[in-house]
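Below is one structure, written out as structure tokens, with a few remarks after it.
Number of protein chains: 2
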Amino acid sequence: MKLYHSPKAPNPERVVHFLRVKGKLDAVEVSELSIMEQEHRTAEYRELSPFAQVPVLVLDDGTCITESRAICTYFEGLYPEPNLMGETPKEKALIEMWDRRVELMFFIQFATWFRNAHPAMAPLEQPQSPEAAAKGERNAKSFVKRLDAHLGEHEFVAADRFSIADITLYVACGFCAVMRWFPHKELENLGAWRERMKALGFAG
Amino acid sequence: MKLYHSPKAPNPERVVHFLRVKGKLDAVEVSELSIMEQEHRTAEYRELSPFAQVPVLVLDDGTCITESRAICTYFEGLYPEPNLMGETPKEKALIEMWDRRVELMFFIQFATWFRNAHPAMAPLEQPQSPEAAAKGERNAKSFVKRLDAHLGEHEFVAADRFSIADITLYVACGFCAVMRWFPHKELENLGAWRERMKALGFAG
Chain A
0 MKLYHSPKAP NPERVVHFLR VKGKLDAVEV SELSIMEQEH RTAEYRELSP
50 FAQVPVLVLD DGTCITESRA ICTYFEGLYP EPNLMGETPK EKALIEMWDR
100 RVELMFFIQF ATWFRNAHPA MAPLEQPQSP EAAAKGERNA KSFVKRLDAH
150 LGEHEFVAAD RFSIADITLY VACGFCAVMR WFPHKELENL GAWRERMKAL
200 GFAG
Chain B
0 MKLYHSPKAP NPERVVHFLR VKGKLDAVEV SELSIMEQEH RTAEYRELSP
50 FAQVPVLVLD DGTCITESRA ICTYFEGLYP EPNLMGETPK EKALIEMWDR
100 RVELMFFIQF ATWFRNAHPA MAPLEQPQSP EAAAKGERNA KSFVKRLDAH
150 LGEHEFVAAD RFSIADITLY VACGFCAVMR WFPHKELENL GAWRERMKAL
200 GFAG
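Chains as they are written, first to last, in numbering that gives the first Met the number 0: chain A, 0 to 203; chain B, 0 to 203.
Put into structure tokens, the structure is as follows:
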């Protein structure tokens, strides 16, 4: 299998953390490309990833899988241990619910802020919209406060166990540094949760 | 189990179609509420759905599950037949990939257009943004054209079989009527796919 990866970009990082926790990083050949250099927009890359998304996982039979969470679903099926997406129907549903909340209400909101506000993003987001940036910032900051309250009562994001939802949140929090925003330094419970993640081998 | 549902709203419709295809509509007690009357924003409803999302599924043990796709994941585990989310790791990944593409690149983009442009949405989306509406419209229309090309070569959206991704697309296409947009009437392959869905029992 071959994974097209762009280091430091948050979506590929989710997949790489997921594989690392599974102990299966060596199961994939990694090919790096630069999003900033727009290497994901070449005709050659679009043959693998028609919507120019990074990462893409290319299976040995040539099947191309995009969407980070779908790639994680593939790995969860291939390498069931340690379980990261839930054992029972209820646990699976609660983990997917929280993973989606973190992704849709925080990660994508933050990304909207970043892509519309950061000068380095101007070539990728044309035109940038200050209004969209402000709305993304407001939504991300509002969600993170509520998440901090949740983490005051729960050790992990979903179903009171470590899961893919923690990985998504960890990557999203780290990504915030590009706007010099460090939510885990502002919010106590989020900070304590991040220390628990470090104890599980998450670096940085 | 109790499902809080708002008829005609697209997210609850996804769950209801999913259950209907499973033949399990009678497994849930349905409680209807009106989003237009803002019944989803009451303190009482937020006890069940803290982010005021509709639908929410309340299990017999009191567990509340929001996020339509997570609710479908729960039902897929409880009622495995007919399979709607994939049998093998590869099929599961391809179905999730396409379901996410339809949701993120079409459904959410269309919803952004609708919420920011339609006068009836003004009380729910404050302030409405013509700029956000235009971007959502552009993204939705661009994706649907590419999806039409995909459906010229594939009978169903994902993995060459009927799945949750077809349900998501069906609901999203129907939802477009609120902006008097009928993509399945404009695009031939999408129209033919919709006829196949009708033959499978999808109405309207």
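Here a beta-carbon is modelled for each residue, glycine too, at the ideal position from N, C-alpha and C.
Predicted model, so just to flag it, every value in this text is computed and none were measured.
Runs of alpha helix (DSSP H) with 4 or more residues, each lying fully within the stretch 88-119 of chain A, are found at 88-100, 107-116, listed in chain order. Chain-ordered, the chain B residues with CB closer than 8 angstroms to the CB of E66 of chain A read E95, M96, R99, R100. Residue pairing from DSSP places Y3 of chain A in a beta bridge opposite A:S30, A:V55. Sequence-distant Cβ neighbours of V53 of chain A in its own chain, meaning closer than 8 angstroms and more than five residues away, are Y3, H4, S5, A8, N10, P11, L32, I34, H39.
For A8 of chain B, there is no enclosing alpha helix (DSSP H), since its DSSP letter is neither H nor E. Assignment of beta-bridge partners to R160 of chain A by DSSP yields A:A157. C-alpha of A148 of chain A to C-alpha of D159 of chain A: approximately 14 angstroms in a straight line. A51 of chain A and D59 of chain B have their alpha carbons spaced roughly 44 angstroms apart. Excluding residues up to 5 positions away in sequence, F161, S162, D165 lie with their Cβ nearer than 7 angstroms to the Cβ of F155 of chain A in the same chain. Looking at the DSSP output, I64 of chain B shares a beta bridge with B:L56. Using a Cβ distance threshold of 8 angstroms, A171 of chain A and F113 of chain A do not count as a contacting pair.
For G76 of chain B, a Cβ of chain A is located within less than 8 angstroms of the residue's own Cβ.
Close CB contacts of M0 of chain A within its chain, under the 8 angstroms cut and outside five residues either way in sequence, are with A26, V27, E28, L56, V57, L58, D59 (chain order). In this structure, the CA atom of A121 of chain B is about 12 angstroms from the CA atom of P129 of chain B. In this structure V14 of chain B touches S67 of chain B by the C-beta definition: roughly 5 angstroms separates them, less than 8 angstroms. Fewer than three Cβ pairs drawn from the stretch 126-145 of chain B and the stretch 72-90 of chain B lie within less than 8 angstroms of each other, which leaves the two stretches out of contact. Across the set A:C175, A:E36, A:I94, A:Y169, the C-alpha of A:Y169 shows the shortest separation from the C-alpha of R195 of chain A. Residues of the stretch 126-142 of chain B whose Cβ lies closer than 8 angstroms to any Cβ of chain A, in chain order: S128, E130, A131, K134. I163 of chain A is outside the set of residues whose beta carbon lies under 8 angstroms from a beta carbon in chain B. Taking 8 angstroms as the cut-off, the Cβ atoms of A92 of chain A and I64 of chain B count as close. Spanning the alpha carbons of E187 of chain A and E95 of chain A requires a straight line of approximately 25 angstroms. Collapsing the DSSP output to three states places N82 of chain A in coil. In this structure, the beta-carbon distance from F109 of chain A to F181 of chain A does not fall below 8 angstroms. Interface annotation for the stretch 146-175 of chain B against chain A: empty, criterion Cβ-Cβ distance under 7 angstroms.
The residues H183, in chain order, have a CB closer than 6 angstroms to that of R193 of chain A in the same chain once the five nearest residues on each side in sequence are set aside. Taking all protein chains shown into account, T167 of chain B has 16 or more neighbouring C-beta atoms within 10 Å of its C-beta and is therefore buried.
The C-beta of A202 of chain A has fewer than 16 other C-beta atoms within 10 Å across all chains shown, which makes the residue exposed.
In the three-state reduction of the DSSP assignment, G190 of chain B falls in the helix class, which pools H, G and I. Not a single C-beta of chain A is nearer than 8 angstroms to the C-beta of K21 of chain B. In this structure, the alpha-carbon of E185 of chain A lies about 47 angstroms from that of P81 of chain B.
Of the residues assessed, R45 of chain A falls on the exposed side of the cut-off, its CB having fewer than 16 other CB atoms within 10 angstroms.
In this structure, L83 of chain A sits near F17 of chain A, with a CB-CB distance shorter than 8 angstroms. One finds P88, K89, K91, A92 in chain A with Cβ atoms closer than 8 angstroms to the Cβ of Y73 of chain B, taken in chain order. Counting along the chain, no alpha helix (DSSP H) covers F181 of chain A, and no H or E run does either. In this structure, the alpha-carbon of G135 of chain A lies about 9 angstroms from that of N115 of chain A.
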